[in-house]
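Note that the protein sequences, when read in sequence, are chains A and B. For any residue, its number in the numbering used here is found by taking its place in the first sequence, counting from 1, and adding 774. For any residue, its number in the numbering used here is found by taking its place in the second sequence, counting from 1, and adding 12. Structure first, commentary second.
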Amino acid sequence: MPWGYNGKILKVNLSASQIAVEEPGEKIYRQYLGGGALSLYFLLKESKPGTDPLGPDNLLVFSASVLTGSMPAPGMNKYTVAAKSPLSYGFAESEAGGWWAPELKAAGFDAVIIQGKASRPVYLWIHDGQAEIRDAGHLWGKVTGEVQQAIKKEFGDDRIRVLQIGPAGEKLVRYACIMNELKHFNGRAGLGAVMGSKNLRAIAVRGQKAPAPFDQEMASAILKTVRESYKEDPAGLGALGTARVPPILSAGGMLPTKNFITGSFEKAEDISGKRLAETILKGRGTCHGCYIRCKREVEAHGSYEIDAAYGGPEYETIAAIGSLLEIGNLEAISKGNELCAQYGIDSISFGTTVAMAMECFEKGILKPKDTDGLELRFGNHGVMLKLIELVAQRKGFGNLLAEGVDIAARKIGKGAEKYALSIKSQPLPMHEPRGKKSLALAYAVSPTGADHLENPHDPFFEKEGGLKDIHPFGILDPLPSLDLGAQKVRMFTYLQQYYNWLNSIGMCIFAARPFGPFTVNQLIEYGRAVTGWDTSLWEAMKVGERHSNMARVFNLREGIGAKDDRLPDRLFKGLEGGALKGQKIGRKEFAQALEMYYGMMGWDPKTGIPSRYKLEELNIGWTFPLLTRHSRNPKGKD
Amino acid sequence: MWVKVKTYAELQQYSPQKGEEFTLQIQDRSTIRSLMESLGMPEHRVMFILRNGKKVKETDRLADGDQVFFYPVIGGG
């Protein structure tokens, strides 16, 4: 019998209004664990290449993990949403924490797979081992706060956990996002648009008791040890949030500023966690089981009305609609965060797309007649806020920006594409590869394109003392952040699989080393206690590798390969200001690192195609035939 | 000699009164490394050091009246 998980996957066919339950069996759970790996198992098995990402045949998978929710454990509360992306036309996945995944486990399911498209707006209600498709006509078009309130009120239960898209997802904005409980976002890769294309507005869950762990006593003892080792830092992640980051990165010359032209922002202190705490911070939020409390909650009644129900800006948002656009007004940024949450838009993609448009405007490529008269200048926070609404509603110039930075730049033409910073059409997030070179590789090879969470960043491992956390992987030598040689590639290769494994067990990177209290070996011990499996770090890392290889197969059969593992030209040019002025990625060093990574992964070093031997070694030999069934799918743009 | 020190975010815990800014009297020609050692600040937790606004290494020697800012390792999020 399964320990820690239900053994049940809910399958919903919205076209036929049918609900079924699949029980894959213990061996599948053990080999894929959950998260992106389990999602890829279903995506590769049950979807075809060449599918329209916004069509009914795209599969939308929500996956918790074998460990999620059994006990209140810090960070152990995430789920992955996965599908084919309307941005890259390849693999899409995005994680979120909060409260939804533990509740899904308590409601009797480990994952939900959505197929087809409902004929009219619906939402899914999952509770106590059952599921029901319900009419959402009264919810369609409303902002996320209203929808959450309406659903909880409908059942008279405030403890229902609501996952949803916003109006932007309904309008198929290409970087629309999914969220749960208004504050926890599956931001990237356009998954909100996929959900919207299925006429699915929300998935509400309510359960009573999570699946019991195999050895409750052992699991508790480990959690106790972890808790005792955690010393809350009075000025760290909990106290000041990820928001504390802008002045730190700016001092080092690597805060993404003005569309990645430069690396320092003179208003960095004005948009910091410290400033937030001194002004509009109302509280510190958290996720199920977690005492780190990294989330911000802000409230304001000044220049803008800001509702704390939507939380507050985290680092990525503060940079993407802040320094990236040379906006140094924290209240405007916080209002922008609230609007993105209300409408369901990825703030990162929005920021990078607007940055392109602002650069075009300042260079005369876009003129007021093209932008509905709006002055798209860097620093113009009023325009930034206006654009969120226009994008969400696909109105006027917003309709162009809603297509994402690549399509928008192509349509603008006149050289706009030079200023569109994306990889596989996923807009760049807010960490600077020219200052932390493993990110150059990470951004390029991430299956979803430009992901800043492929691996822990280089600065952690520049000195001996920082290596302790990754000694279990056999990484013993520190490396400079600006190095991109073979040993840095080795470090990235191992740590990418580590982070993939964390993804598969629904574990937040902030609760595990190097950020948080759980050591690598404690996570293995905890996993053994919850599942009863005689498992090891070896087996865990193989799950991570499985994720990388399946994602690679998914992309290759969609025609996405080595040619797409690239960087925007700007990153090969020197930063124009700040402490790292002149710093760039070298084309040769990048090409060599890419080849080295492919080789280390057991893929063809020139083409990045996984060998049959590697796939068999990972016990996913069944994916090998999929590699030869390529699609001739044009990316469907324009 | 006297130096003015600023410790950002997580590094504040190594300042004598746990405040962000403080002045400290140290031996002439001390290195930044010896300053960090006297504060009990582990090197691997420091990402950047600015001395009078310029990025420097731990081996740099300090001068009277220097302003030294320490920034912690962060990443992701």
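Even glycine gets a Cβ: it sits at the ideal position worked out from N, Cα and C. Just so it is clear, the structure is predicted and the values come from calculations on it, not from any experiment.
C-beta contact flag for residue i and residue j at 8 Å
i: R1067(A); j: G1059(A); result: yes
i: F1398(A); j: L814(A); result: no
i: W777(A); j: P987(A); result: yes
i: Y1078(A); j: R975(A); result: no
i: K750(A); j: C1134(A); result: Lying outside 775 to 1412, the shown extent of chain A, residue 750(A) is not represented and no answer is given.
i: H1155(A); j: I1101(A); result: yes
i: L965(A); j: V1072(A); result: no
i: E1149(A); j: I1122(A); result: no
i: E1088(A); j: T1016(A); result: yes
i: G903(A); j: G930(A); result: no
i: T3(B); j: K66(B); result: Nothing can be reported for residue 3(B): it is not among the residues displayed for chain B, which extend from 13 to 89.
i: T1126(A); j: L1349(A); result: no
i: A875(A); j: Q1200(A); result: no
i: S1108(A); j: P1030(A); result: no
i: R980(A); j: H1062(A); result: no
i: R1264(A); j: I1359(A); result: no
i: K1380(A); j: N1323(A); result: no
i: G809(A); j: S1278(A); result: yes
N- and C-terminal bounds of the alpha helix (DSSP H) containing residue i
i: L898(A); result: From DSSP, L898(A) is part of no alpha helix (DSSP H) but of the beta strand (DSSP E) over V896 to H901.
i: V1263(A); result: A1260 to S1278
i: V1165(A); result: H1155 to A1166
i: N1329(A); result: L1311 to L1330
i: Y1372(A); result: R1361 to M1374
i: F1124(A); result: S1121 to E1136
i: F1398(A); result: F1398 to L1401
i: T1091(A); result: Y1089 to A1094
i: V1219(A); result: S1212 to V1219
i: E32(B); result: It is not in any alpha helix (DSSP H) - E32(B) carries neither H nor E in the DSSP assignment.
i: Y1186(A); result: One point to set straight first is that residue 1186(A) is Ile, not Tyr, in the sequence displayed. Its alpha helix (DSSP H) spans residues V1179 to I1186.
i: G1057(A); result: Element bounds for G1057(A): not the alpha helix (DSSP H) but the beta strand (DSSP E), L1055 to G1059.
For residue j and residue i, the rounded distance between their alpha carbons
i: R948(A); j: L1164(A); result: 14 Å
i: L946(A); j: L1241(A); result: 44 Å
i: D1146(A); j: I1186(A); result: 14 Å
i: E867(A); j: L1113(A); result: 23 Å
i: G1085(A); j: G961(A); result: 15 Å
i: N832(A); j: R1331(A); result: 15 Å
i: L937(A); j: D909(A); result: 16 Å
i: G1192(A); j: V1317(A); result: Just to set this straight, residue 1192(A) is Lys in the shown sequence, not Gly. Computed Cα separation, rounded: 38 Å.
i: F81(B); j: M1370(A); result: 37 Å
i: S1212(A); j: Y1268(A); result: 12 Å
i: H56(B); j: M1375(A); result: 29 Å
i: Y1273(A); j: G1248(A); result: 16 Å
i: N64(B); j: S971(A); result: 55 Å
i: K18(B); j: I1022(A); result: 12 Å
i: L841(A); j: Y779(A); result: 7 Å
i: R1406(A); j: T1222(A); result: With a pLDDT of 47 at R1406(A), under the threshold of 50, the modelled position of this residue cannot be trusted; read the value that follows with caution. Taking the straight line from one Cα to the other gives about 20 Å.
i: M13(B); j: A1182(A); result: 58 Å
i: D1378(A); j: P848(A); result: 39 Å
i: L807(A); j: G1026(A); result: 39 Å
i: Q1296(A); j: I996(A); result: 7 Å
i: N787(A); j: C951(A); result: 22 Å
i: E820(A); j: F1292(A); result: 35 Å
i: K927(A); j: A905(A); result: 18 Å
i: A1260(A); j: A1367(A); result: 7 Å
i: K1411(A); j: I61(B); result: Because K1411(A) sits at a pLDDT of 39, beneath the cut-off of 50, its placement in the model cannot be relied upon, and the point is left open.
i: P1408(A); j: S1220(A); result: Confidence at P1408(A) is low in this model, with a pLDDT of 46, below 50, so the placement of that residue should be treated as unreliable; the coordinate-derived value is given next. Rounded to the nearest angstrom, the two C-alpha atoms are 21 Å apart.
Residue range of the beta strand (DSSP E) that includes residue i
i: E1071(A); result: K1069 to V1072
i: L62(B); result: V58 to R63
i: V1304(A); result: Element bounds for V1304(A): not the beta strand (DSSP E) but the alpha helix (DSSP H), V1294 to T1305.
i: F81(B); result: Q79 to P84
i: N954(A); result: I952 to N954
i: K18(B); result: W14 to T19
i: L51(B); result: Counting along the chain, L51(B) falls outside any beta strand (DSSP E), though it belongs to the alpha helix (DSSP H) covering I44 to L51.
Within chain C, the residues that residue i reaches when beta carbons sit closer than 9 Å
i: D1007(A); result: This model lacks chain C altogether; the protein chains it does include are A and B.
**Study point:** Contained beta strand (DSSP E) runs [length at least 3] in the region 783-840 of chain A, N- to C-terminal order
**Key:** Scanning the region 783-840 of chain A from its first residue to its last, the whole beta strand (DSSP E) runs of 3-plus residues come out as 783-787, 792-796 and 834-837.
Review point. Which runs of the alpha helix (DSSP H) spanning at least 4 residues fall entirely within the region 856-933 of chain A, listed in chain order?
Key: Considered as a whole, the region 856-933 of chain A harbours 874-880 and 918-929 as its complete alpha helix (DSSP H) runs of no fewer than 4 residues, in chain order.
Check your understanding: Contact between the region 861-877 of chain A and the region 792-807 of chain A: three or more CB pairs below 8 Å?
Key -> Under the Cβ criterion (8 Å, minimum of three pairs), the region 861-877 of chain A does not count as touching the region 792-807 of chain A.
Review point. Does the region 1160-1180 of chain A come within contact of the region 1229-1240 of chain A, defined as at least 3 CB pairs closer than 8 Å?
Key: no
Exercise for review: Take every Cβ of the region 64-81 of chain B, pair it with every Cβ of the region 31-46 of chain B, and state whether three or more of those distances are shorter than 8 Å.
Suggested key: yes
Point to revise | Contained alpha helix (DSSP H) runs [length at least 4] in the region 961-1025 of chain A, N- to C-terminal order | key: Under the rule that a run must span 4 or more residues, the alpha helix (DSSP H) segments found entirely inside the region 961-1025 of chain A read 965-971, 990-1003, 1011-1014 and 1019-1025.
Point to revise | Segment contact flag, the region 803-820 of chain A with the region 1244-1263 of chain A, C-beta cutoff 8 Å, min 3 pairs | key: no
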